[in-house]
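**Student:** When you read off a place in the sequence shown, starting at 1, and then add 22, the result is the number in our numbering.
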Amino acid sequence: MFPDPWLDRWLSLIKTRSGDRPVLEIGCGYGDDTSILANAGLQVIGFDLSSEAVAATRSRVPSAHVEQRDVRDQLPEEAINLGVTLASLSLHYFTWDDTVSIVNRIRLSLRHGGILLCRLNSTEDKNFGADGGEEIELNYFLVKGKSKRFFDESTLRQLFSNGWNILSLEHITTNKYQKPKAAWEIVLERAL
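1) I need the DSSP call for Val76, collapsed to helix, strand or coil.
2) From the DSSP output, in three-state form, read off Ile102 for me.
3) Please look up how many angstroms separate the CB atoms of Phe69 and Ile48, rounded, as I've assumed it's under 8 angstroms.
4) Trp28 bridges to which residues according to DSSP?
5) Could you name the residues that DSSP lists as bridge partners for Gln90?
6) Can you list, in chain order, the residues of its chain whose CB lies under 6 angstroms from that of Val93, leaving out five sequence neighbours each side?
7) Less than 8 angstroms between the CB atoms is what I'm expecting for Leu189 and Trp206, so what's the real figure, rounded?
8) Mind checking which residues open and close the beta strand (DSSP E) that includes Leu181?
9) Roughly how many angstroms lie between the CA atoms of Asp95 and Pro202, to the nearest whole one?
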């Protein structure tokens, strides 16, 4: 993996919106974003499904509270009245119903005006499975044994149509991995 400074342009907004509450990081992986947030002086509570990733993040960012958890389960106890939640490339592994449910629980964990920053697979992400495989649901495929969802703009607008204000919606390419990855970068504000 290569450096991916995507959070740099959002740090000022994250600091302002988080206030005195921690930032919730969903799918912290090996702590790349966790480290950036902590180095910016922010409190971070995070989780990941992988015990290996959790151990690595705990070692790398000892100031963060990190645990092993499935995002389909309840969010951490501290995830209430939050100002910021971050989910970078971690919300696209689920059925549509599960994805809608997860997004709704994230919205309810934020205070009014709180924000969700997320990146999601694009339907143009041909290097990482958007060209198909066994289709489970529309734009949801079995890719090398893992289920992966890919989004176009209309599907994203549908997913975030209830209770969210879209502050930024941008199609991007990241070079975090060995091949270019097409994704959507979205900043949403809890409206209701």
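Backbone N, C-alpha and C fix where the C-beta goes; we use that ideal spot for every residue, glycine too.
**Tutor:** Taking the structure as given:
1) Taking the first residue of the sequence shown as 1, we reach residue 76 at position 54. In this structure, Val76 counts as helix in the three-state DSSP scheme.
2) Residue mapping note: residue 102 aligns to position 80 of the sequence shown, counting from 1. Ile102: coil per DSSP, three-state reduction.
3) Numbered from 1 along the sequence shown, position 47 holds the residue referred to as residue 69. Numbered from 1 along the sequence shown, position 26 holds the residue referred to as residue 48. 7 angstroms between Cβ atoms; contact.
4) What you label residue 28 is simply residue 6 of the sequence shown in a count that begins at 1. Beta-bridge pairing links Trp28 to no other residue.
5) As a position in the sequence shown, residue 90 is number 68, starting the count at 1. Its beta-bridge partners are Asp70.
6) The residue labelled residue 93 in the question sits at position 71 within the sequence shown. Same-chain partners within the cutoff: Ile48 and Ile124.
7) Residue mapping note: residue 189 aligns to position 167 of the sequence shown, counting from 1. Residue mapping note: residue 206 aligns to position 184 of the sequence shown, counting from 1. Leu189 to Trp206, Cβ: 14 angstroms. No contact.
8) Counting from 1 along the sequence shown, the entry for residue 181 is found at position 159. In the DSSP annotation of this structure, Leu181 is not part of any beta strand (DSSP E); the continuous alpha helix (DSSP H) holding it starts and ends at Glu175 to Leu181.
9) The residue labelled residue 95 in the question sits at position 73 within the sequence shown. The residue labelled residue 202 in the question sits at position 180 within the sequence shown. Their Cα atoms are separated by approximately 31 angstroms.
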